[in-house]
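Enquirer: Sharing a structure here in structure tokens format.
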Amino acid sequence: LFPYTTLFRSGEVTNLNEDRALRRLLDTIKASLRTNFFLDKNYISVKFDSRKVPDLPLPRPMYEIFVYSTEVEAIHLRGGMVARGGLRWSDRNEDFRTEVLGLMKAQMVKNSVIVPVGSKGGFVVKQPVEEREAKLKQGIECYKNFLRGCLDITDNIVNGKVVTPKNVVRRDGEDPYFVVAADKGTATFSDFANSVSKEYGFWLDDAFASGGSVGYDHKKMGITAKGGWISVQRHFREIGVDVQKDEFTVVGIGDMAGDVFGNGMLLSDKIKLVAAFNHMHIFFDPNPNSAASFKERERMFTLPRSSWEDYNQKLISKGGGIFKRSEKSIKLTPEIKELLGIKADSLTPDELIRATVTAPVDLLWNGGIGTYVKATSESHRDVGDKNNDNLRVDGKDLRCKVIGEGGNLGFTQLGRIEFAQKGGRINTDAIDNSAGVDCSDHEVNIKIALAPAVEKKKLTEAARDKLLEKMTDEVGALVLRDNYLQTQALSIAEKQGAELLESQQSLMKKLTEIGLLSRSIEFLPDDEEIASRINARKGLTRPELAVILAYSKLSLYNELLDSSLPDEDYFKNDLMLYFPEKMRAEFKAEIENHKLKREIVATFVTNSIVNRAGSTFFHNIIKDTGLAAADVARSYTAARDIFSLRKYWKEIESLDGKVPASTQYDMFIEIGKFIERQTFWFLRNSSGRVKVEETVKNY
Numbered sequence: 042l043f044p045y046t047t048l049f050r051s052g053e054v055t056n057l058n059e060d061r062a063l064r065r066l067l068d069t070i071k072a073s074l075r076t077n078f079f080l081d082k083n084y085i086s087v088k089f090d091s092r093k094v095p096d097l098p099l100p101r102p103m104y105e106i107f108v109y110s111t112e113v114e115a116i117h118l119r120g121g122m123v124a125r126g127g128l129r130w131s132d133r134n135e136d137f138r139t140e141v142l143g144l145m146k147a148q149m150v151k152n153s154v155i156v157p158v159g160s161k162g163g164f165v166v167k168q169p170v171e172e173r174e175a176k177l178k179q180g181i182e183c184y185k186n187f188l189r190g191c192l193d194i195t196d197n198i199v200n201g202k203v204v205t206p207k208n209v210v211r212r213d214g215e216d217p218y219f220v221v222a223a224d225k226g227t228a229t230f231s232d233f234a235n236s237v238s239k240e241y242g243f244w245l246d247d248a249f250a251s252g253g254s255v256g257y258d259h260k261k262m263g264i265t266a267k268g269g270w271i272s273v274q275r276h277f278r279e280i281g282v283d284v285q286k287d288e289f290t291v292v293g294i295g296d297m298a299g300d301v302f303g304n305g306m307l308l309s310d311k312i313k314l315v316a317a318f319n320h321m322h323i324f325f326d327p328n329p330n331s332a333a334s335f336k337e338r339e340r341m342f343t344l345p346r347s348s349w350e351d352y353n354q355k356l357i358s359k360g361g362g363i364f365k366r367s368e369k370s371i372k373l374t375p376e377i378k379e380l381l382g383i384k385a386d387s388l389t390p391d392e393l394i395r396a397t398v399t400a401p402v403d404l405l406w407n408g409g410i411g412t413y414v415k416a417t418s419e420s421h422r423d424v425g426d427k428n429n430d431n432l433r434v435d436g437k438d439l440r441c442k443v444i445g446e447g448g449n450l451g452f453t454q455l456g457r458i459e460f461a462q463k464g465g466r467i468n469t470d471a472i473d474n475s476a477g478v479d480c481s482d483h484e485v486n487i488k489i490a491l492a493p494a495v496e497k498k499k500l501t502e503a504a505r506d507k508l509l510e511k512m513t514d515e516v517g518a519l520v521l522r523d524n525y526l527q528t529q530a531l532s533i534a535e536k537q538g539a540e541l542l543e544s545q546q547s548l549m550k551k552l553t554e555i556g557l558l559s560r561s562i563e564f565l566p567d568d569e570e571i572a573s574r575i576n577a578r579k580g581l582t583r584p585e586l587a588v589i590l591a592y593s594k595l596s597l598y599n600e601l602l603d604s605s606l607p608d609e610d611y612f613k614n615d616l617m618l619y620f621p622e623k624m625r626a627e628f629k630a631e632i633e634n635h636k637l638k639r640e641i642v643a644t645f646v647t648n649s650i651v652n653r654a655g656s657t658f659f660h661n662i663i664k665d666t667g668l669a670a671a672d673v674a675r676s677y678t679a680a681r682d683i684f685s686l687r688k689y690w691k692e693i694e695s696l697d698g699k700v701p702a703s704t705q706y707d708m709f710i711e712i713g714k715f716i717e718r719q720t721f722w723f724l725r726n727s728s729g730r731v732k733v734e735e736t737v738k739n740y
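Structure, rendered in structure tokens:
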């Protein structure tokens with residue numbers, strides 16, 4: 042710092058712009074926490090306290106690591122000490138941090154259902170080669186150096202103690218938790234990441250990157266698509282349609298080789314896929330035979346790297362076909378015109394895709410990459426996805442009934458809100474495709490739990506791997522349960538509508554005051570708009586409710602983690618319920634001594650309260666009583682268990698498809714009112730501090 046501070050003191054800097062630039066550089070240096078510069082590597086990595094770096098765009102991460110060499114540039118942004126999210130191979134050389142920041146923001150919202158908060162990383166290959174195999178090899182090496190740069194300056198845990206890497210000056214506290222996940226361009230890279238983890242003797246070993254050869258293969262499990270399908274089933278159930286029994290029309294974004302699109306289009310044999318497109322082709326089957334087309338999609342899914350050209354054209358109904366997006370113009374058959382509800386005889390491929398996205402069908406299933414829907418108030422520049430500017434439509438122009446967001450960032454948040462305000466059924470990508478990150482979180486935490494058993498020879502590595510495999514279905518069920526409960530919570534809040542607006546407004550103000558939420562960044566209504574909606578008796582839309590749900594969870598999680606609640610014996614049961622039943626008995630001690638047990642308990646209790654009692658429940662009680670969140674959580678837990686409410690909730694859920702969904706939601710709302718009364722009662726009658734175990738036993 043000496044040369045810069047000397048310059049300022051001597052008065053040599055007289056130009057305002059130069060002064061501003063130098064001060065920003067000085068402040069950025071001051072914000073640096075660690076570097077690998079003294080390790081003599083062919084790349085440099087620096088860790089920053091992002092909140093101290095001047096003029097960074099919002100939202101600001103907690104930490105970021107920048108990795109630089111002549112071959113690769115990379116960034117890793119994270120929102121908290123315990124964070125997770127994928128690393129992508131970006132092609133945006135000039136602004137890849139902007140891309141990663143947007144994804145980290147979305148990941149923060151998505152991760153509210155799991156233990157870690159959001160993180161995201163990305164790297165660019167600076168001198169890419171053209172030949173395909175060489176390009177892949179180059180990308181893998183750049184990816185590994187990105188990870189090496191991060192692990193160079195990340196603490197390790199050795200024999201239960203946190204150890205700082207040699208020759209690294211640490212200006213921050215202990216920081217040993219660092220995990221990664223697959224993303225765009227790195228779907229098959231988990232084993233490479235875990236090899237770097239082993240190279241460094243990192244404490245997480247092969248839990249460093251989930252989904253590797255010894256882990257849960259998301260595509261094989263189809264877990265992300267299945268989570269999105271939970272949303273689709275609920276949307277349709279609310280309008281009296283059972284997508285497992287009733288035929289329905291679908292337009293899709295993607296192809297059968299893709300994880301989310303391919304798996305999604307195999308989740309019901311009642312799907313009538315009338316149109317789809319990917320980066321090369323546009324597929325039309327105006328009046329498909331649902332059974333025959335399902336079998337054909339199944340066949341294509343098993344092909345290596347299939348495209349729409351592999352579809353058996355003999356099975357395509359009259360007037361359909363497969364068209365290349367490279368064609369100058371595409372002549373439309375009467376059947377395609379009727380399907381799309383248009384009169385034009387021919388369209389360019391881009392025009393045809395826009396007409397396909399806005400087709401009057403039952404479901405629009407997004408399993409692709411790119412942002413295809415914005416709001417009328419937004420420009421294409423606002424969206425930040427230049428490649429798809431010619432394909433993008435406005436939310437008000439969509440004519441489908443339901444949207445399933447298997448892919449990330451397919452819609453802008455304002456585009457979702459615009460579609461929802463005209464009666465469309467949509468959540469957010471963070472809700473619909475959270476199962477992937479949820480599955481990864483379970484894998485990592487299971488591996489952390491079992492690691493001591495392997496070290497003590499209680500379990501061989503081969504036996505551990507076999508156990509992981511045996512638990513696949515149960516892990517999948519635990520993950521999908523989260524999807525089910527989150528979408529149910531949204532539906533219950535949506536049904537209550539405007540009557541929740543004042544308490545939601547109060548919650549938003551509180552979250553803004555503590556610096557957790559920016560209403561403008563998350564496109565939540567301001568006070569003037571809320572007043573207008575109260576007068577019109579209109580509540581928040583599902584996309585807005587999804588954001589409130591996530592931030593409510595983040596707030597409660599932080600407060601519970603800062604309390605003694607996660608250490609209390611009564612909540613050991615919640616810790617156990619996070620893990621598959623197959624390991625609860627045999628590895629009880631390992632689970633109870635889990636390195637992240639406090640975080641797991643705080644997450645589990647948070648999900649229980651917000652999913653069941655609503656986003657504003659704990660905030661309302663804290664506001665009325667002045668008590669801490671942990672006190673409210675203890676009282677809620679006592680009330681829930683004393684009155685066996687889990688039993689009644691499950692009985693109501695068993696009525697899916699047997700009674701109208703609105704009737705079920707009315708029952709949940711009544712139980713919600715009941716548990717709020719009982720939570721208050723126990724707080725009042727125990728002077729605020731409820732001893733859960735004693736209270737449950739007494740009552």
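Residue numbers for the sequence shown follow the working numbering, so the first one is 42 and each next one is one higher. The beta carbon of each residue, even a glycine, is placed where N, CA and C say it ideally should be. From a predicted model like this one, the values you see are computed outputs, not experimental measurements.
Suppose contacts are defined by Cβ-Cβ distances below 8 Å. Is G361 in contact with P327 by that definition?
Expert: Closer than 8 Å, so yes.
Enquirer: If I follow the unbroken beta strand (DSSP E) through Y352, where does it start and stop?
Expert: Neither: Y352 is in no beta strand (DSSP E) and is coded neither H nor E.
Enquirer: Considering only the beta carbon of each residue, do V530 and G448 sit closer than 8 Å?
Expert: Looking at the sequence itself, residue 530 is Ala, so the reference to Val does not match. For A530 and G448, no; Cβs fall outside 8 Å.
Enquirer: Could you name the residues of the same chain whose beta carbon sits closer than 8 Å to that of D132, not counting the 5 residues immediately before and after it, in chain order?
Expert: Counting only Cβ-Cβ distances below 8 Å, and skipping sequence neighbours, we find V165.
Enquirer: Who are the near neighbours of G436 in its chain, counting only those whose CB is closer than 6 Å to its CB and skipping five residues on each side?
Expert: Hits under 6 Å: V414, A416, G456, E459 and F460.
Enquirer: With DSSP run on the structure shown, which of helix, strand or coil describes G713?
Expert: G713 falls in the helix class under three-state DSSP.
Enquirer: Who are the near neighbours of M297 in its chain, counting only those whose CB is closer than 6 Å to its CB and skipping five residues on each side?
Expert: G303, R338, M341, F342 and S347.
Enquirer: Quick check on T553: does DSSP put it in helix, strand or coil?
Expert: Residue state, collapsed to three classes: helix.
Enquirer: DSSP three-state label for D747, please.
Expert: There is no way to answer for residue 747, as the model of the chain reaches only from 42 to 740.
Enquirer: Take the Cβ of V642 as the centre, count every other Cβ of all protein chains shown within 10 Å, and call the residue buried at 16 or more, exposed below.
Expert: By the 10 Å Cβ count, V642 comes out buried.
Enquirer: Take the Cβ of D136 as the centre, count every other Cβ of all protein chains shown within 10 Å, and call the residue buried at 16 or more, exposed below.
Expert: Burial call: exposed.
Enquirer: Sort out for me which residues DSSP pairs L432 with in a bridge.
Expert: BP columns for L432 are empty, so no partner.
Enquirer: When the distance is taken between beta carbons, is N235 closer than 8 Å to A223?
Expert: It is not a contact, given that the beta carbons lie outside the stated cut-off.
Enquirer: When you compare only the Cα positions, how much space is there between P102 and F612?
Expert: Answer to the nearest angstrom: the Cα atoms are 31 Å apart.
Enquirer: Could you please give the first and the last residue of the uninterrupted alpha helix (DSSP H) stretch that includes E515?
Expert: Residues T513 to Q537.
Enquirer: Kindly indicate which residue of A332, V291 and L381 has the alpha-carbon position closest to the one of G408.
Expert: Per the Cα distances, V291.
Enquirer: In chain order, which beta strand (DSSP E) runs of at least 3 residues are fully inside the stretch 173–242?
Expert: List check, beta strand (DSSP E) in window: 197–199 and 202–204.
Enquirer: Rounded to a whole number of angstroms, what is the C-alpha to C-alpha distance between S532 and G464?
Expert: If you take the alpha carbons of S532 and G464, they lie about 14 Å apart.
Enquirer: Rounding to the nearest angstrom, what Cα-Cα distance links A494 and K629 in this structure?
Expert: Distance between the alpha carbons of A494 and K629: 11 Å.
Enquirer: Got a sec, what are the start and stop residues for the beta strand (DSSP E) I294 sits in?
Expert: Element bounds for I294: F289 to I294.
Enquirer: Could you check what DSSP says for R92 in three-state terms: helix, strand or coil?
Expert: Helix, per DSSP.
Enquirer: Short check: CB of V141 to CB of V273, under 8 Å?
Expert: Not closer than 8 Å, so no.
Enquirer: Tell me the start and end of each unbroken alpha helix (DSSP H) in the stretch 433–507 that is at least 4 residues and wholly inside, in chain order.
Expert: Whole alpha helix (DSSP H) segments, 4+ residues: 454–462, 470–473 and 476–496.
Enquirer: Can V221 and S475 be called in contact, C-beta distance under 8 Å?
Expert: In this structure, S475 does not lie closer than 8 Å to V221 by Cβ.
Enquirer: Please state whether the Cβ-Cβ distance between L393 and I410 is less than 8 Å.
Expert: No, the Cβ-Cβ distance between L393 and I410 is not below 8 Å.
Enquirer: I'd like the list of long-range same chain contacts for P584, defined as Cβ closer than 8 Å, with 5 residues on each side in sequence excluded.
Expert: Once the five neighbours on either side are set aside, the close Cβ partners of P584 are Q454, R457, I458, A461, I467, N468 and T469.
Enquirer: Per DSSP, what are the beta-bridge partners of K313 in this structure?
Expert: Answer is T290, bridged to K313.
Enquirer: Jot down the residue ranges of each uninterrupted beta strand (DSSP E) in the stretch 621–657, minimum 3 residues, whole runs only, in chain order.
Expert: Taking only runs of at least 3 residues, no beta strand (DSSP E) segment lies wholly in the stretch 621–657.
Enquirer: For E252, count neighbouring C-beta atoms within 10 Å of its own C-beta (all shown protein chains included) and say buried if the count is 16 or more, exposed if not.
Expert: Note on residue identity: the sequence assigns Gly, not Glu, to residue 252. Buried.
Enquirer: Just reading off the beta strand (DSSP E) that F407 is part of, what are its end residues?
Expert: The amino acid at residue 407 is misidentified as Phe; the sequence shows Asn. Here the beta strand (DSSP E) through N407 covers L404 to N407.
Enquirer: Please confirm if the stretch 374–387 is in contact with the stretch 269–289, defined as three or more CB-CB distances below 8 Å between the two stretches.
Expert: No, the stretch 374–387 is not in contact with the stretch 269–289.
Enquirer: Can you give the Cα-Cα distance for R560 and M549, rounded to whole angstroms?
Expert: Taking the straight line from one Cα to the other gives about 8 Å.
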